[in-house]
Amino acid sequence: MHPLRRLPATAAPALVLGLALLGPLALPGATASAYDLRVRSWGVNTNGQLGDGTKTQRQTPVSVVGLSGAELNTVVAGGSGANGFALALLANGTVEAWGRNDKGQLGNGTSSATDDYAVPSLVAGLGQVDAVAAGGSHALALLKDGTVKAWGANDKGQLGDGTTNAGATTLPVTVAGLDEVKAIAAGDTFSMALLKDGTIKTWGNNDKGQLGITAKPAKSTDPVPKPTVATRTTAIAVPELSTVKGIAAGASHALALLADGSVMAWGNNSNGQLGDDTATTTGTGAVNNDKPYPVPVLELRNVTALSAGAAHSIALLQDRTLRGWGNNTNGQVGDGTLTQRTTSVPIPGLTGVVGIASGASHNLAVLADGTVQAWGLNDKGQLGDGTLTQRPTPVQVLAKSGNVSIVSAPSNGNFSLAR
Numbered sequence: 002m003h004p005l006r007r008l009p010a011t012a013a014p015a016l017v018l019g020l021a022l023l024g025p026l027a028l029p030g031a032t033a034s035a036y037d038l039r040v041r042s043w044g045v046n047t048n049g050q051l052g053d054g055t056k057t058q059r060q061t062p063v064s065v066v067g068l069s070g071a072e073l074n075t076v077v078a079g080g081s082g083a084n085g086f087a088l089a090l091l092a093n094g095t096v097e098a099w100g101r102n103d104k105g106q107l108g109n110g111t112s113s114a115t116d117d118y119a120v121p122s123l124v125a126g127l128g129q130v131d132a133v134a135a136g137g138s139h140a141l142a143l144l145k146d147g148t149v150k151a152w153g154a155n156d157k158g159q160l161g162d163g164t165t166n167a168g169a170t171t172l173p174v175t176v177a178g179l180d181e182v183k184a185i186a187a188g189d190t191f192s193m194a195l196l197k198d199g200t201i202k203t204w205g206n207n208d209k210g211q212l213g214i215t216a217k218p219a220k221s222t223d224p225v226p227k228p229t230v231a232t233r234t235t236a237i238a239v240p241e242l243s244t245v246k247g248i249a250a251g252a253s254h255a256l257a258l259l260a261d262g263s264v265m266a267w268g269n270n271s272n273g274q275l276g277d278d279t280a281t282t283t284g285t286g287a288v289n290n291d292k293p294y295p296v297p298v299l300e301l302r303n304v305t306a307l308s309a310g311a312a313h314s315i316a317l318l319q320d321r322t323l324r325g326w327g328n329n330t331n332g333q334v335g336d337g338t339l340t341q342r343t344t345s346v347p348i349p350g351l352t353g354v355v356g357i358a359s360g361a362s363h364n365l366a367v368l369a370d371g372t373v374q375a376w377g378l379n380d381k382g383q384l385g386d387g388t389l390t391q392r393p394t395p396v397q398v399l400a401k402s403g404n405v406s407i408v409s410a411p412s413n414g415n416f417s418l419a420r
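Per the working numbering, residue 2 is the first one in the sequence shown, and the count goes up by one each step.
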């Protein structure tokens, strides 16, 4: 793998792989084909975030150059709007990155608003990495020793090293005062860590209460308080949460999966994405229902996994079905309507789901047979179904794709990854 590979001035176009050309499904016990092992991407490609060596938007999946599933642990997508980047955690504990690099989010010691990387490059100085996460313009890496590294944008303290920086942090730094970490998540401009003791720490932007650190009102009839601090440059504990087993970060809201299968949420509630049957309103008679402290997501139980987008949320249940809530302008809740949902509703027509991911206004679901379904906004081809038509119910993206087990999309962005 070349350590640094920029987009050449005249890059050769990548092969557009129509759904009919996808390789056969790898059945249990069968040997996966070379194509089965590739990382695939689709959607907006302004910064080369699809990793196919071009900046051409793709409505169907293409292969990321130089990455094979045989050497890969996971892939994650980051970015905001049309801008994006991606990370790949390799089996040897190193990390590769590609896409936009204006804030040093590729972690290779450089930054440029014009010089993007359209194929993977090595994140410098990282080894023994156990997990990765990508925010709007920053990235996190969880090391095997339970500590966390961060790089990229730090204007809101989202790197957690005790500083803020309006420029670029181009090499990984250590998140201060953080160890015994089990999982990580990154929102647009904030970060989360789940500790081994079941508690959560957060840092970065808190303009919508997404850090979850403000005290809850004594009475339910009391006004919702404003966030007590605008930013945090070091990690701080989210109070009253001690049995957490999973976390997810939206653009500016957060979700926590508890050991009993219930879910807590906090932060921005502009479209009911917290699922507590309220939503913040603006204009005449405006009501602030953003919650800077955790609240229960209503009508939701037996949850095993979570994902969060710009202003909506998705839950995978124990029976392998899905529920969604929040903004539904583009059908991203998946219930066949465009109606905002302030409590969770079932997503019909999907069973056997084993993995989920949420972009800004679209979602991906991996099924047990290795196929992928998508729904929501599709203006950049982020659903991968060969059209630009938004879908309020799931459609098939990767048919017979061969052992797809990982999907990812940026919580505030418009592209998709699968392996």
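Even glycine gets a Cβ: it sits at the ideal position worked out from N, Cα and C.
CA nearest to the CA of residue i, picked from the options
| i | options | result |
| --- | --- | --- |
| alanine 186 | Leu318, Leu299, Ala78 and Lys157 | Ala78 |
| asparagine 48 | Leu127, Ser138 and Pro62 | Ser138 |
| glutamate 72 | Ala89, Thr285, Gly251 and Ala119 | Ala89 |
| leucine 259 | Leu212, Asp198, Asp189 and Gly94 | Asp198 |
| proline 395 | Ala135, Val230 and Val354 | Val354 |
| proline 224 | Lys292, Pro240 and Thr235 | Lys292 |
| leucine 389 | Gln58, Ala167 and Val264 | Gln58 |
| threonine 190 | Thr165, Ile214, Asp370 and Leu179 | Thr165 |
| leucine 323 | Gln341, Asn303 and Asn329 | Asn303 |
| methionine 265 | Gln274, Ala410 and Pro295 | Pro295 |
| lysine 183 | Leu212, Asp103, Val245 and Asn206 | Val245 |
| valine 40 | Gly82, Ala114, Val120 and Gly213 | Val120 |
| glutamate 300 | Thr343, Thr330 and Ala311 | Thr343 |
| isoleucine 214 | Leu242, Trp152 and Gln159 | Leu242 |
| tryptophan 204 | Gly188, Lys217 and Ala257 | Gly188 |
Beta-carbon proximity of residue i to residue j, cut-off 8 angstroms
| i | j | result |
| --- | --- | --- |
| histidine 363 | valine 334 | no |
| glycine 385 | alanine 375 | yes |
| leucine 317 | isoleucine 357 | yes |
| valine 96 | leucine 141 | no |
| glycine 163 | alanine 177 | yes |
| glycine 52 | serine 42 | yes |
| glutamine 319 | threonine 338 | no |
| leucine 107 | tryptophan 99 | yes |
| leucine 196 | glycine 247 | no |
| leucine 85 | valine 130 | Leucine is not the amino acid found at residue 85; the sequence shown has glycine there. No, they are not a contact pair. |
Local conformation of residue i per DSSP, three classes
| i | result |
| --- | --- |
| glutamate 241 | coil |
| glutamate 300 | coil |
| glutamate 97 | strand |
Residue i versus residue j - alpha carbon distance
| i | j | result |
| --- | --- | --- |
| alanine 31 | asparagine 404 | Residue placement at alanine 31 is poorly supported in this model, since its pLDDT is 32, which falls under 50; the coordinates still yield a value, given next. Each residue's Cα considered, the two are about 10 angstroms apart. |
| leucine 172 | threonine 352 | 42 angstroms |
| leucine 399 | valine 174 | 37 angstroms |
| proline 297 | aspartate 278 | 10 angstroms |
| leucine 365 | aspartate 336 | 14 angstroms |
| asparagine 270 | threonine 285 | 18 angstroms |
| glycine 414 | glycine 80 | 5 angstroms |
| alanine 238 | glycine 387 | 44 angstroms |
| aspartate 101 | threonine 111 | Going by the sequence as given, residue 101 is arginine instead of aspartate. Each residue's Cα considered, the two are about 11 angstroms apart. |
| alanine 249 | aspartate 116 | 31 angstroms |
Sheet register partners of residue i (DSSP bridge)
| i | result |
| --- | --- |
| asparagine 364 | Ser359 and Trp376 |
| arginine 420 | Answer by DSSP bridge pairing: none, since arginine 420 is not bridged. |
| lysine 150 | Ala142 and Thr175 |
| threonine 170 | Gly153 |
| glycine 325 | Ile315 and Val346 |
| glutamine 397 | Gln374 |
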